[in-house]
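Chains as they are written, first to last, in our numbering: chain A, 736 to 866; chain B, 736 to 866.
In structure tokens form, the structure reads like this:
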């Protein structure tokens with residue numbers, strides 16, 4: 736097993752939220768739209784992206800990584816970090832499935848995101864078709 | 736934006752597949768079961784994990800990272816890497832939603848996975864409840 740793995744931001748997520756207190760708890764299509772700015776050198780990777788939904792992976796760089804338990808803001812119950820989707824986890828890689836509304840060059844418009852403006856984007860994957 | 740981010744394996748995924756040729760194309764509950772061996776020091780993070788399904792993030796360490804297009808094995812069509820869930824992508828973080836069958840200490844049993852035996856695990860997240 737490798738002792739460390741390096742990942743590279745491929746773009747950034749633009750939202751209206753400038754502080755953590757402003758961020759909603761979880762992505763929600765009722766929270767307007769967000770822009771995904773892919774770095775121009777990755778734009779060719781969007782060829783034939785026609786999915787209705789995409790899974791976005793992004794990086795919560797302000798999250799503590801040394802917590803193994805937390806209290807959910809939804810119900811006040813203490814759980815392990817792997818029983819929550821909170822950003823407080825050993826590898827604070829966030830995952831949200833959002834609606835893909837449009838693509839223009841290297842910019843994607845998607846349904847509402849919950850992260851800080853400027854959050855580092857790690858990956859875009861088409862969501863599997865619904866069964 | 737950060738120029739590099741370091742992630743750490745938190746465990747490994749045990750499958751019957753010892754070579755890439757043996758790996759099925761995509762996770763499938765018809766492909767038996769897989770074991771997730773969380774490193775013991777992370778086991779406390781499983782507290783109250785009761786989800787029926789979990790999203791597993793793992794690392795395709797053998798995948799090329801410099802490709803922006805590829806040909807799907809399903810239909811032979813060339814697409815951008817962000818239009819496919821193939822492991823060939825700038826950050827080869829794989830994502831699979833699988834059924835969580837049981838937990839015993841630091842070992843999870845889940846439905847069939849598609850990765851090599853010993854693949855590095857990066858995260859476990861409970862799947863959102865179905866709407």
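Note that CB positions come from ideal geometry on N, CA and C, so glycine has one too.
Beyond the five residues adjoining it in sequence on each side, residue 748/A comes within less than 7 angstroms, by CB distance, of 769, 771, 793, 848, 850, 854 and 856 in the same chain, given in chain order.
Contact of residue 779/B with chain A by beta-carbon distance below 7 angstroms involves 803, 804 and 815. Cβ-Cβ separation between residue 774/A and residue 859/A: approximately 12 angstroms, too far for a contact (criterion under 8 angstroms).
Runs of the beta strand (DSSP E) lying entirely within the region 782-835 of chain A and spanning at least 3 residues, in chain order: 788-794, 804-806 and 813-815. Within 10 angstroms of the beta-carbon of residue 837/B lie fewer than 16 other beta-carbons, which makes it exposed. With the rule of 3 Cβ pairs closer than 8 angstroms, the region 808-817 of chain B counts as touching the region 776-784 of chain A.
Rounded to whole angstroms, residue 797/A and residue 740/B show a C-alpha spacing of 12 angstroms. Of the other Cβ atoms in all chains shown, fewer than 16 fall within 10 Å of the Cβ of residue 755/B; this residue is therefore exposed. Residue 788/A and residue 834/A do touch by the CB rule: their CB atoms are close to 6 angstroms apart, below 8 angstroms.
With fewer than 16 other Cβ atoms inside 10 Å of its own Cβ, residue 765/B counts as exposed. Cβ-Cβ separation between residue 822/B and residue 795/B: approximately 4 angstroms, consistent with a contact (criterion under 8 angstroms). Residues of the region 782-799 of chain B with a C-beta atom less than 9 angstroms from some C-beta of chain A are 782, 783, 784, 785, 786, 789, 790, 792, 794 and 796, listed in chain order. Neighbourhood of residue 845/B in chain A, by CB distance below 9 angstroms: empty, with the nearest CB roughly 13 angstroms away.
At a cut-off of 9 angstroms between beta-carbon atoms, residue 765/B makes no contact with chain A. A straight line joining the alpha-carbon of residue 744/B with that of residue 842/B spans about 15 angstroms.
Think of a sphere of 8 angstroms around the beta carbon of residue 859/A: the chain B residues whose beta carbon falls inside it are 817, in chain order. Residue 832/B has its alpha-carbon roughly 13 angstroms from the corresponding atom of residue 864/A.
Within the same chain, and ignoring the five residues on either side of residue 861/B in sequence, the residues whose Cβ sits closer than 7 angstroms to its Cβ are 784, 786 and 789. In the structure shown, the three-state DSSP call for residue 772/B is strand. Leaving aside the five residues that flank residue 820/B on each side, none in its chain has a CB nearer than 6 angstroms to its CB.
Residue 858/B carries a strand assignment under DSSP once its states are collapsed to helix, strand and coil.
If the five residues before and after residue 844/A are omitted, its C-beta is found closer than 7 angstroms to the C-beta atoms of 768, 770, 836 and 837, all from its own chain and listed in chain order.
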